[in-house]
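Here the structure comes first, spelled out in structure tokens, and everything after it is commentary.
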Amino acid sequence: MHKSNLIELLKVFTPKEFKELGEFVNSPFFNKNENVIKLYNYIKKYFPDLENVNLKKRKVYEVMTGEDNYSDGFMRSVIFNLSKLTEEYLSAKSFPQIEKDITYLDLLFRRPGADKLFEKKFKQVYESFGNENNKDQFHYYCLYRLQALLMSYNSKNRAFLNIKDFHADDEINTLDSLLTFYLLAALPEYRFFHNQTRVININIEFNFLDEILNFLKRSGFYKKNPELNLFYNEIQLIKENDEKYFYELKEFAKKEIDNFRFGIKFNAIGLLANTAITLYYEGNDKFLNERFEIYQLILEKGLYKKFETSYFDDMLFKNIVSTGLQLNKVEWTEEFLREYIDKINPDDKDNALNLNLARLKFYKKNFTEALEHLSIIKNVNHIHYKTEIKILTLMIYYELSMSIDAMAVIDSYRHFLSNDTLIPELRKERNYNFIRIVNDLIKSKENRSLKAAYDIEHEIKITPNTYEKEWLQLKTEELIKELK
Amino acid sequence: MRKTNLINILSNFTPNEMKEMGDFLTSPYFNKNKKVIELFSLLKDLYPDFNTPKSDKEIVYKKLYPGKEYNDGIMRLMIHSLNILCEDFISISKFQASFYLKDRFLLEYYVLDKKAPKLFERKYNSIKEKNSKIEIKDADFYLNEYEVEILAGKYKFLIDDNILNVTDLPKHEYFRKTEYLKNNFFITILNQYRYLLNAQSLYNVNYEDDFREVVLEYLNKHPDYMKIPILKLHYLELCLLLKDDEKYYNELKKHLIDNFYSFSWLERFSTICILENFCLAMIYREKEQYYEEKHSLHKFILERKLFSKVEGGKMTDTDFQNIAGMGMNLGKIEWAEDFINEYKEYLDEKDKSNVLNLCYARLNLHKKNFDKALSYINEIKEIDNVNYKISKKCITLEIFYEQNLIVEAFGYIDNFKHFISNDRLITDTEKERMLKFIKFVNLLLKIKSKNDVSELYILKKEIENTENVYKKKWFFEKIAELKEG
Numbered sequence: 005m006h007k008s009n010l011i012e013l014l015k016v017f018t019p020k021e022f023k024e025l026g027e028f029v030n031s032p033f034f035n036k037n038e039n040v041i042k043l044y045n046y047i048k049k050y051f052p053d054l055e056n057v058n059l060k061k062r063k064v065y066e067v068m069t070g071e072d073n074y075s076d077g078f079m080r081s082v083i084f085n086l087s088k089l090t091e092e093y094l095s096a097k098s099f100p101q102i103e104k105d106i107t108y109l110d111l112l113f114r115r116p117g118a119d120k121l122f123e124k125k126f127k128q129v130y131e132s133f134g135n136e137n138n139k140d141q142f143h144y145y146c147l148y149r150l151q152a153l154l155m156s157y158n159s160k161n162r163a164f165l166n167i168k169d170f171h172a173d174d175e176i177n178t179l180d181s182l183l184t185f186y187l188l189a190a191l192p193e194y195r196f197f198h199n200q201t202r203v204i205n206i207n208i209e210f211n212f213l214d215e216i217l218n219f220l221k222r223s224g225f226y227k228k229n230p231e232l233n234l235f236y237n238e239i240q241l242i243k244e245n246d247e248k249y250f251y252e253l254k255e256f257a258k259k260e261i262d263n264f265r266f267g268i269k270f271n272a273i274g275l276l277a278n279t280a281i282t283l284y285y286e287g288n289d290k291f292l293n294e295r296f297e298i299y300q301l302i303l304e305k306g307l308y309k310k311f312e313t314s315y316f317d318d319m320l321f322k323n324i325v326s327t328g329l330q331l332n333k334v335e336w337t338e339e340f341l342r343e344y345i346d347k348i349n350p351d352d353k354d355n356a357l358n359l360n361l362a363r364l365k366f367y368k369k370n371f372t373e374a375l376e377h378l379s380i381i382k383n384v385n386h387i388h389y390k391t392e393i394k395i396l397t398l399m400i401y402y403e404l405s406m407s408i409d410a411m412a413v414i415d416s417y418r419h420f421l422s423n424d425t426l427i428p429e430l431r432k433e434r435n436y437n438f439i440r441i442v443n444d445l446i447k448s449k450e451n452r453s454l455k456a457a458y459d460i461e462h463e464i465k466i467t468p469n470t471y472e473k474e475w476l477q478l479k480t481e482e483l484i485k486e487l488k
Numbered sequence: 065m066r067k068t069n070l071i072n073i074l075s076n077f078t079p080n081e082m083k084e085m086g087d088f089l090t091s092p093y094f095n096k097n098k099k100v101i102e103l104f105s106l107l108k109d110l111y112p113d114f115n116t117p118k119s120d121k122e123i124v125y126k127k128l129y130p131g132k133e134y135n136d137g138i139m140r141l142m143i144h145s146l147n148i149l150c151e152d153f154i155s156i157s158k159f160q161a162s163f164y165l166k167d168r169f170l171l172e173y174y175v176l177d178k179k180a181p182k183l184f185e186r187k188y189n190s191i192k193e194k195n196s197k198i199e200i201k202d203a204d205f206y207l208n209e210y211e212v213e214i215l216a217g218k219y220k221f222l223i224d225d226n227i228l229n230v231t232d233l234p235k236h237e238y239f240r241k242t243e244y245l246k247n248n249f250f251i252t253i254l255n256q257y258r259y260l261l262n263a264q265s266l267y268n269v270n271y272e273d274d275f276r277e278v279v280l281e282y283l284n285k286h287p288d289y290m291k292i293p294i295l296k297l298h299y300l301e302l303c304l305l306l307k308d309d310e311k312y313y314n315e316l317k318k319h320l321i322d323n324f325y326s327f328s329w330l331e332r333f334s335t336i337c338i339l340e341n342f343c344l345a346m347i348y349r350e351k352e353q354y355y356e357e358k359h360s361l362h363k364f365i366l367e368r369k370l371f372s373k374v375e376g377g378k379m380t381d382t383d384f385q386n387i388a389g390m391g392m393n394l395g396k397i398e399w400a401e402d403f404i405n406e407y408k409e410y411l412d413e414k415d416k417s418n419v420l421n422l423c424y425a426r427l428n429l430h431k432k433n434f435d436k437a438l439s440y441i442n443e444i445k446e447i448d449n450v451n452y453k454i455s456k457k458c459i460t461l462e463i464f465y466e467q468n469l470i471v472e473a474f475g476y477i478d479n480f481k482h483f484i485s486n487d488r489l490i491t492d493t494e495k496e497r498m499l500k501f502i503k504f505v506n507l508l509l510k511i512k513s514k515n516d517v518s519e520l521y522i523l524k525k526e527i528e529n530t531e532n533v534y535k536k537k538w539f540f541e542k543i544a545e546l547k548e549g
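Chains as they are written, first to last, in our numbering: chain H, 5 to 488; chain U, 65 to 549.
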């Protein structure tokens with residue numbers, strides 16, 4: 005029985021849930037099968053030790069039936085039934101109150117003679133639902149369902165004697181709730197996928213988005229709801245990629261962010277950070293500082309994890325460290341590393357620590373130590389971690405004048421990029437530009453060509469979409485000085 | 065206790081529900097209060113007639129707590145507890161039957177509460193397999209698909225956010241979630257627009273909605289959405305309501321018949337209503353063939369018992385009148401009489417007497433039993449539906465005309481005109497139609513009272529040249545009768 009679905013299910017149960025399951029199994033409304041109750045009671049003796057040898061099927065059969073002529077068919081059937089009941093218990097446990105209420109109202113609506121009951125219950129549910137604080141898209145969907153139910157009820161029962169009997173506002177509210185539900189659900193999806201296309205190479209069609217945006221702009225409907233307002237501004241920023249929208253959203257975020265739910269805050273601030281990165285690589289250097297400011301806001305608001313219950317996002321962690329160092333804020337970065345490293349998922353912590361320490365050591369010019377940290381990193385979980393390691397390794401080799409090793413890294417790096425299908429084109433270009441310029445730097449250094457060094461200096465200026473621009477500029481300046 | 069919510073709920077229970085409620089109450093997962101079980105047991109003995117002194121609170125209390133003094137607080141609490149449990153029982157019973165909800169909540173538990181990868185994967189795959197076999201893909205289907213993918217996305221980023229190569233990306237299905245959401249939304253909002261436009265055509269209310277045009281234009285440009293039968297149904301309904309074009313009537317009717325079993329009862333019912341309303345509008349535009357068309361729709365409705373919003377429900381008074389009236393207008397008096405007699409049992413008791421009186425009045429009018437017709441009209445008491453009131457007034461006026469009750473008819477015309485002019489719920493088109501009817505009856509009565517047939521030709525021409533006249537055919541019949549003297 006150890007490998008059964010049932011045992012696997014029960015392994016995730018808390019003691020409280022297991023106790024409740026007992027009540028559920030003993031409820032004639034759900035189960036009248038005595039053998040299922042016997043099996044539950046037997047497992048209860050060993051819970052939570054579900055690996056216990058006494059939970060082998062034959063043993064369980066003997067105890068349950070008092071017979072030794074084992075019947076696998078019997079055991080399979082009882083285990084299956086308890087497993088099914090266990091799933092039913094979990095579903096019933098998660099059945100939210102509003103769903104219960106709507107289900108109940110729907111039945112009253114359909115049942116002849118239950119009008120008074122419907123009206124009384126509807127009033128009670130509608131009032132208490134309106135007082136709910138969490139007004140996400142599902143709130144509006146439930147609100148729509150309640151309003152639509154009322155519309156149907158009225159059309160079935162209301163006597164249309166004069167114009168007062170027709171409540172046009174009810175109908176308009178129903179449409180508004182439905183539209184708000186859809187927009188609150190769809191706009192973040194569009195925003196999320198758009199944002200993802202900047203990070204990974206996915207091709208998504210954004211059908212119907214332009215139509216929605218035109219409508220929102222024309223009607224001002226987005227102003228009816230603060231979340232909708234935020235999503236609308238976010239999408240404008242994504243689509244237009246204009247710094248005007250960046251500053252508008254940043255100001256809005258600074259003032260209003262605390263009024264939103266965690267996921268919305270996380271995504272809004274994440275979008276600002278990503279936009280700052282994009283604008284920086286488009287050649288707008290002031291966005292390095294903007295990016296840093298956004299990271300500070302992220303730390304201040306605790307918005308460094310995808311979910312309230314999850315860990316510090318390791319990609320974000322690495323970005324914060326590299327931005328801090330790019331801006332030469334070494335002390336701040338060291339402090340950040342110390343304070344936040346333990347908030348990373350324990351499974352990823354070692355890699356994150358070594359990668360970020362490698363970068364820190366690099367900036368402190370302890371290149372050998374940096375290389376040592378990089379060599380410890382194993383089993384990375386994200387494609388961008390891989391590129392980060394390659395970039396840093398190449399920079400270290402350059403600093404240590406290990407040209408042959410650097411050229412080998414360049415080769416493997418190029419090979420890796422050409423085979424990869426996940427990195428979006430713009431990011432790939434950023435990587436390729438970096439490799440090309442480092443390659444030129446190494447050659448120029450070897451050939452002692454001042455002209456080539458000047459050409460590189462110019463190349464960096466006209467190629468904003470390049471990783472480690474500040475470092476490349478510094479190295480070129482050093483080379484020019486050396487060759488002059 | 066007879067007037068409590070609890071008794072009201074229990075009175076609505078079927079015998080089977082009463083039995084299941086017993087199981088529910090003895091289920092420790094929901095209830096551990098033995099006194100509540102006892103209270104239910106006492107009430108169960110009275111079911112279905114709770115209107116007896118045995119259900120009085122004091123008497124029930126005595127049985128629950130023999131020898132103890134009556135405590136209203138305790139009794140109220142018990143009633144309240146049983147009331148809540150009854151509501152829960154109904155919700156849970158419905159929930160048990162909804163595999164969408166059951167599956168989704170289980171999946172949600174795995175993702176959010178426990179982060180159990182294997183269990184999640186297994187359940188996710190079984191849900192997707194189950195959903196792939198569903199034939200009726202309605203708004204709920206798409207919403208469920210969307211929500212399942214939302215959970216899959218959460219699972220992906222919460223449990224396993226490795227992204228090293230393409231295989232680590234969320235499955236193709238995940239990227240379809242916006243499409244699922246859109247399908248749900250289009251189906252739902254088209255349904256709402258359809259409802260509102262239909263209401264607009266029946267009552268004098270106006271809706272302005274910019275977004276409707278956005279949706280329709282988008283669907284026009286993306287015909288692939290028409291592969292979803294329910295979406296196409298609502299789309300065609302809207303086109304018919306907005307463009308008033310016979311092409312859409314035929315397309316909609318064909319789509320309904322071809323995909324009849326792909327739609328819910330309510331959807332079938334609503335579509336039939338729209339088709340019927342269109343036929344009526346065409347009749348008013350003097351497209352004669354729509355009398356037969358409407359009658360054939362009525363036969364279709366009756367064959368499938370599709371005369372109620374709810375399967376197995378009652379027929380509305382208006383529909384009953386319309387079906388009977390159309391049969392009579394087509395001269396199918398016997399068919400209409402059979403219909404009235406066969407289907408009167410499907411009328412709600414509260415409407416039954418008035419509707420039957422109205423229908424029998426009309427039937428007798430057609431049979432030229434005018435006295436009998438008037439006696440049926442006189443039997444009609446309070447009526448609350450505006451269209452229904454109009455019918456009564458029209459029939460009365462016809463009877464007065466037929467019976468040569470000229471003075472009464474003129475008096476009645478004044479009253480009728482006043483009613484139509486003052487009512488704000490009747491649409492402008494309907495008002496116009498009724499006022500023209502009144503006007504022509506008035507002229508006809510004058511000619512009849514003066515016995516001057518010379519003006520008949522002018523009247524006939526005027527009626528012929530006037531659109532949107534109620535009972536045009538009847539006027540021509542009456543003009544012909546007067547001519548013949």
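All C-beta atoms in this analysis are idealised placements derived from N, C-alpha and C, irrespective of residue type, glycine included.
Own chain partners of residue i with C-beta closer than 7 Å, once the 5 adjacent residues on each side are dropped
i: LEU304 (chain U); result: TYR312, TYR313, LEU316, ILE338 and PHE342
i: TYR219 (chain U); result: VAL175 and PHE184
i: GLU102 (chain U); result: LEU128
i: ASP72 (chain H); result: GLU66
Residue i, DSSP secondary structure in three states
i: ILE527 (chain U); result: helix
i: PHE464 (chain U); result: helix
i: LEU487 (chain H); result: helix
i: LEU411 (chain U); result: strand
i: PHE316 (chain H); result: strand
Endpoints, alpha helix (DSSP H) assigned at residue i
i: TYR125 (chain U); result: 121 to 128
i: PHE159 (chain U); result: 136 to 161
i: ILE446 (chain H); result: 429 to 451
i: TYR65 (chain H); result: 61 to 69
i: PHE28 (chain H); result: 19 to 29
i: SER513 (chain U); result: 492 to 514
i: THR391 (chain H); result: 387 to 403
Within 9 Å, strictly: CB atoms of residue i and residue j
i: LEU561 (chain U); j: LEU320 (chain U); result: Residue 561 (chain U) cannot be examined here, being either before or after the span of chain U that is shown, 65 to 549.
i: GLY26 (chain H); j: LYS48 (chain H); result: yes
i: PHE249 (chain U); j: ALA410 (chain H); result: no
i: SER156 (chain H); j: TYR173 (chain U); result: no
i: SER98 (chain H); j: PHE153 (chain U); result: no
i: CYS458 (chain U); j: PHE403 (chain U); result: no
i: ALA152 (chain H); j: LEU111 (chain H); result: no
i: ASN30 (chain H); j: SER91 (chain U); result: yes
i: MET498 (chain U); j: ILE454 (chain U); result: yes
i: VAL100 (chain U); j: MET139 (chain U); result: no
Nonlocal neighbours in the same chain, by C-beta distance under 6 Å from residue i, ignoring five residues either side
i: TRP475 (chain H); result: none
i: PRO293 (chain U); result: ASN323 and SER326
Cβ neighbours of residue i in the same chain (closer than 8 Å, five flanking residues each side left out)
i: ASN115 (chain U); result: ARG66
i: LEU165 (chain H); result: In this prediction, LEU165 (chain H) scores a pLDDT of 49, lower than 50, which makes its location untrustworthy; no coordinate-derived value is stated.
May I have a chain-ordered list of the alpha helix (DSSP H) segments no shorter than 4 residues that lie completely inside the stretch 312 to 390 of chain U? 329 to 348 and 353 to 367
Every unbroken alpha helix (DSSP H) within the stretch 274 to 361 of chain H, with a cutoff of 4 residues, ordered by chain: 290 to 305, 318 to 330 and 334 to 344
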